[in-house]
Ligand SMILES: [Fe+2]
């Protein structure tokens with residue numbers, strides 16, 4: 015049985031992030047894509063072009079919702095209005111599962127529009143777990159949290175990021191959207207071994223995997239999503255697939271976006287690792 | 044400090060640091076004009092108390108990565124939503140104005156699409172920021188109305204037979220603006236890629252009334268006769284044709300305009316364009332998304 019209870023036992027294969035520069039191409043050429051990931055907040059509108067585009071995509075493709083605004087790590091709790099808007103969109107798109115980031119981004123009603131890192135403390139675990147339980151209680155589909163990339167570590171942290179992510183997912187009983195590029199970016203910024211991270215995460219909770227490119231500067235790495243996936247990230251991906259098995263995978267390309275075919279071809283490279291895993295499994299068997 | 048309050052304190056301190064103005068090197072490769080200065084002592088204290096150094100970066104440098112990202116993201120979003128205002132003000136003044144705006148009016152919505160909501164009011168309250176403050180404030184309101192119209196709902200047009208006696212409302216994507224300056228023409232020229240002359244000082248008496256709306260998915264800006272604008276505004280306020288017409292008829296300043304006008308032809312036109320709709324059963328549903336967040 016492919017998949018697990020956090021991704022509705024789906025075998026969706028390789029998907030792409032739906033980006034506005036590609037929409038005309040997609041609607042005209044109807045490329046053969048298994049599924050598109052949409053940013054939920056971009057479609058929390060009452061009408062107009064965003065809604066019409068979404069409906070036309072929904073006529074032809076499976077869509078999975080990925081959010082950037084729930085902020086389940088917020089010390090002040092999740093915004094109920096936001097949750098209501100999310101719920102309405104979930105009913106409309108029939109997304110098989112919903113994801114958002116394990117981070118915070120607003121305080122006292124003011125928004126950063128960023129995915130800010132959390133201190134890895136028991137208090138932050140408790141807060142995130144409480145928030146995720148509220149989200150799970152409202153949504154009719156499974157919910158997963160994604161690991162964010164980060165450029166800072168807190169003095170307060172008493173555990174590693176992988177311990178924190180696992181603790182939250184297990185206590186809240188939710189899935190994990192494992193972003194292997196984010197792991198790689200954070201590993202370079204903070205000086206840990208990314209394989210330790212991938213090897214620690216409970217495979218039975220991994221709903222989906224994100225792959226992406228990034229920008230490396232002299233003294234730090236920024237998660238820019240504006241390049242092809244580099245080899246070390248593919249290696250992490252291969253390791254994740256080896257542990258988790260074939261898992262719905264999505265390529266994120268958000269800036270300096272090349273033509274659709276180029277992005278699609280980059281995403282499809284992921285299949286190599288699936289076949290490779292299957293090959294190994296069958297040899298082993 | 045009790046353990047359960049620590050996360051909130053951390054998030055508040057981190058966020059206050061992000062909201063500080065950016066100076067010097069942080070403006071680096073961005074388009075922002077130079078601004079001398081440095082982060083505050085409080086910023087440095089926050090960084091040192093909250094964040095660990097890495098092998099290559101000091102805590103302050105790590106916090107500055109988020110600080111820059113915060114500013115660039117918000118300012119870029121405004122630059123995307125207000126292209127004509129940018130042309131009117133020129134790059135340097137434009138960045139100064141929106142930077143000052145974000146400093147005073149941070150985002151209060153889950154989406155950046157609402158960030159420019161108060162830009163027109165802000166420019167009116169800070170006229171010294173822009174060389175043509177009336178034009179700039181008008182243009183900010185016009186471009187924000189376009190952003191709103193872009194993603195507002197479209198309700199079915201009111202059947203003509205229901206015009207009288209039903210609670211009516213304006214089409215959600217229709218926005219009415221009373222401008223003090225001819226910025227609709229200015230924006231039109233910018234959009235058409237034509238040359239734009241520097242604006243002339245505005246005469247306060249010459250108001251222009253415009254409707255911003257969608258036709259299908261296309262945005263449109265049309266001038267309205269003053270009396271037409273007043274009738275539509277009264278419908279928006281009262282939700283009833285009778286009350287709106289009574290209200291307008293009582294205004295002595297409009298009487299002459301109304302006598303000369305072909306009001307019934309206007310209504311036929313508005314019904315044809317779908318500008319009038321049935322009022323939603325729940326009046327709160329008319330409150331626009333985002334205004335409550
Ligand atoms: Fe991601």
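Chains as they are written, first to last, in our numbering: chain V, 15 to 299; chain E, 44 to 336. Cβ coordinates follow ideal geometry from the N, Cα and C atoms, glycine included. The structure displayed is predicted, hence computed values, not measured ones.
Under the three-state DSSP convention, the category residue i falls into
| i | result |
| --- | --- |
| residue 267 (chain V) | coil |
| residue 25 (chain V) | coil |
| residue 193 (chain V) | strand |
| residue 118 (chain V) | strand |
| residue 335 (chain E) | Bear in mind that the predicted position of residue 335 (chain E) carries a pLDDT of just 37, short of 50, making it unreliable; the figure below should be weighed with that in mind. The answer is coil: DSSP assigns residue 335 (chain E) none of H, G, I, E or B. |
| residue 154 (chain E) | coil |
| residue 55 (chain V) | helix |
| residue 244 (chain V) | coil |
| residue 44 (chain V) | coil |
| residue 221 (chain V) | strand |
| residue 62 (chain V) | helix |
| residue 155 (chain V) | coil |
| residue 84 (chain V) | coil |
| residue 51 (chain E) | helix |
| residue 179 (chain V) | helix |
| residue 250 (chain V) | helix |
| residue 30 (chain V) | strand |
| residue 306 (chain E) | helix |
| residue 56 (chain E) | helix |
| residue 274 (chain V) | helix |
| residue 262 (chain V) | coil |
| residue 315 (chain E) | helix |
| residue 288 (chain E) | helix |
| residue 208 (chain V) | helix |
| residue 215 (chain V) | coil |
| residue 295 (chain E) | helix |
| residue 186 (chain V) | helix |
| residue 288 (chain V) | helix |
| residue 297 (chain V) | Unreliable positioning characterises residue 297 (chain V) in this predicted model, as indicated by a pLDDT of 37, which lies under 50. The coordinate reading is nonetheless provided below. Helix, per DSSP. |
Counterpart residues of residue i in DSSP-defined beta bridges
| i | result |
| --- | --- |
| residue 168 (chain V) | E:94 |
| residue 212 (chain E) | E:320 |
| residue 230 (chain V) | V:235 |
| residue 76 (chain V) | V:49 |
| residue 17 (chain V) | None; residue 17 (chain V) has no bridge partner. |
| residue 160 (chain V) | V:115 and V:191 |
CA nearest to the CA of residue i, picked from the options
| i | options | result |
| --- | --- | --- |
| residue 61 (chain V) | E:279, E:217 and E:184 | E:217 |
| residue 267 (chain E) | E:214, E:261 and E:254 | E:254 |
| residue 231 (chain E) | E:249, E:275 and E:263 | E:263 |
| residue 128 (chain V) | E:292, E:62 and E:198 | E:62 |
| residue 51 (chain E) | E:185, E:79, E:75 and E:93 | E:93 |
| residue 194 (chain V) | V:171, V:265 and V:177 | V:265 |
| residue 48 (chain V) | V:282, V:286 and V:288 | V:282 |
| residue 86 (chain V) | V:131, V:175, V:173 and V:252 | V:131 |
| residue 138 (chain E) | E:188, E:190, E:78 and E:164 | E:78 |
| residue 250 (chain E) | E:115, E:308, E:316 and E:221 | E:221 |
| residue 219 (chain E) | E:237, E:242, E:189 and E:90 | E:189 |
| residue 284 (chain E) | E:201, E:242 and E:174 | E:201 |
| residue 203 (chain V) | V:28, V:226, V:230 and V:214 | V:230 |
| residue 163 (chain V) | V:26, V:237, V:75 and V:88 | V:237 |
| residue 120 (chain V) | V:178, V:150, V:88 and V:104 | V:88 |
| residue 288 (chain V) | V:223, V:172, V:188 and V:272 | V:223 |
Exercise. Quick one: which residues of the stretch 63-94 of chain E get their C-beta closer than 8 Å to a C-beta of chain V? List them in chain order.
Key: 92, 93 and 94
Exercise. Taking only runs that begin and end inside the stretch 61-120 of chain E, name each unbroken alpha helix (DSSP H) of 4 or more residues, in chain order.
Key: 84-93
Self-check item: Residues in the stretch 151-170 of chain E having any Cβ partner in chain V nearer than 9 Å
Solution: 151, 152, 153, 154, 155, 156 and 158
Quiz prompt | Segments assigned alpha helix (DSSP H), at least 4 residues, entirely inside the stretch 86-153 of chain V | solution = 94-107 and 136-152
Quiz item: Name the residues in the stretch 187-200 of chain E whose C-beta lies less than 7 Å from a C-beta of chain V; which are they?
Solution: 193, 194, 195, 196 and 197
Quiz item: Which parts of the stretch 202-286 of chain E are runs of the beta strand (DSSP E), unbroken and 3 residues or longer, counting only runs that do not cross its ends?
Solution: The beta strand (DSSP E) runs lying completely inside the stretch 202-286 of chain E and spanning 3 residues or more are 211-213, 218-222, 251-258 and 261-267, given in chain order.
Self-check item: the stretch 182-214 of chain V: positions lying closer than 8 Å to chain E by Cβ
Solution: Flagged, chain order: 203, 204 and 205.
Self-check item: Runs of alpha helix (DSSP H) lying entirely within the stretch 123-204 of chain E, each at least 4 residues, in chain order
Solution: 126-132, 134-147, 162-168 and 176-194
Quiz item: Taking Cβ-Cβ distances below 9 Å as the criterion, which residues of the stretch 97-118 of chain V are in contact with chain E?
Solution: Hits within the stretch, in order: 99 and 118.
Quiz item: Using Cβ-Cβ distances below 8 Å, what residues of the stretch 105-118 of chain E are close to chain V?
Solution: 105, 106, 108, 109, 112, 113, 116 and 117
Exercise. Anything with a beta carbon under 5 Å from a heavy atom of ligand 2 counts; list them all in chain order.
Key: For ligand 2, the structure offers nothing, since it holds only ligand 1.
Exercise. Mind checking the stretch 54-65 of chain V against chain E and listing, in chain order, the residues whose C-beta falls within less than 9 Å of any C-beta there?
Key: 55, 56, 58, 59, 60, 61, 62, 63, 64 and 65
Quiz item: At a Cβ cut of 8 Å, what residues of the stretch 144-170 of chain V count as close to chain E, listed as they run along the chain?
Solution: 165, 166, 167, 168, 169 and 170
Quiz item: At a Cβ cut of 9 Å, what residues of the stretch 211-224 of chain E count as close to chain V, listed as they run along the chain?
Solution: For the stretch 211-224 of chain E, the set of positions with a beta-carbon nearer than 9 Å to some beta-carbon of chain V reads 215 and 216 in chain order.
Quiz prompt | Proximal residues, the stretch 224-254 of chain V versus chain E, C-beta separation under 7 Å | solution = 233 and 234
Quiz item: What residues in the stretch 225-257 of chain E have a beta carbon less than 9 Å from any beta carbon of chain V?
Solution: 257
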